[in-house]
Amino acid sequence: MRRSINLGLLAFLLVGASMVALFVRYFVLGTPVVAYKDDIVSCGTVRRPLDTLAVHSGPENFIRVGGRMYRGVRGLQPYYLRLPLLKSILFVTSAASDAVEFHIVKVGDWTEVKVRGEKLSFGGHIGDPDPPGSPYTDYVEKESAKELVLATRYPHAKTRVFLDLQAKTVTKVDYDEFDEAGRLKAHRVYVDGRQVE
């Protein structure tokens, strides 16, 4: 009798654990649905049944590159910018506390350089079909083995984020504001989130 109770309890625990695992898999983690694929990446959105209830939040984007899947990717498909000099791609994921992570992944060997940026908005316009430098575009302004300068253009402003690829840090952020004629109206420089100029 005691042995059958233990087997019944074990069966109950296994069924319960399976149900919890299925709930987490489909309702919390969701199902990745590929919407775009090229020779470097596949990407799309993560679908969860509960997302239909959260009307104020959009679907979570993902990108697969080099056998890894990254969630919380910013921008529009294909969610990345090419870095021809570095033979790499750049994409941005959201991180905790309104931070972002810049991912520079070398095509072929799939090595990655990751740089965390605190409270930066870059990445939301990656993949925009308009030419780089048009309003509401994110693009690479300068590329070298040591540094990337990433720019976001707005109708009357431009932000530049300077990434030190060796130190894996954001060294500074420039913000330029322009008047209606396109002349520089204000220039600000931020280091570690504080204005220094």
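When we follow my numbering, the leftmost residue of the sequence shown carries the number 1018, and every step to the right adds one. Note that CB positions come from ideal geometry on N, CA and C, so glycine has one too.
Query                                                                                      : Result
Residue closest to His1142, alpha-carbon to alpha-carbon, out of Gly1125, Ile1121, Gln1094 : Gln1094
Burial state of Thr1218, where buried means 16 or more other Cβ atoms lie within 10 Å      : Past the edges of the chain, shown from 1018 to 1214, lies residue 1218, and the structure says nothing about it.
Assigned secondary structure, Leu1024 (DSSP; H/G/I helix, E/B strand, else coil)           : helix
Straight-line gap, Val1190 to Arg1177 (C-alpha atoms, nearest Å)                           : 6 Å
Cross-strand partners of His1120 (DSSP beta bridge)                                        : Phe1108, Lys1131
One or two residues paired with Phe1079 in a DSSP bridge                                   : Gly1061, Arg1088
Alpha carbon of Leu1167 to alpha carbon of Val1157, nearest angstrom                       : 5 Å
8 Å Cβ cutoff met for Leu1180 and Leu1165                                                  : yes
Straight-line Cα distance separating Met1086 from Asp1155                                  : 22 Å
Alpha carbon of Val1058 to alpha carbon of Ile1080, nearest angstrom                       : 7 Å
C-beta contact flag for Leu1100 and Ile1121 at 8 Å                                         : yes
Residue-chain proximity (Asp1055, chain C), Cβ-Cβ < 8 Å                                    : Judged by its chain identifiers, the structure shown contains no chain C, having just a single protein chain.
Whole-Å CB distance - Phe1139 paired with Thr1169, under 8 Å assumed                       : 6 Å
Distance CB(Ala1113)-CB(Glu1135) smaller than 8 Å                                          : no
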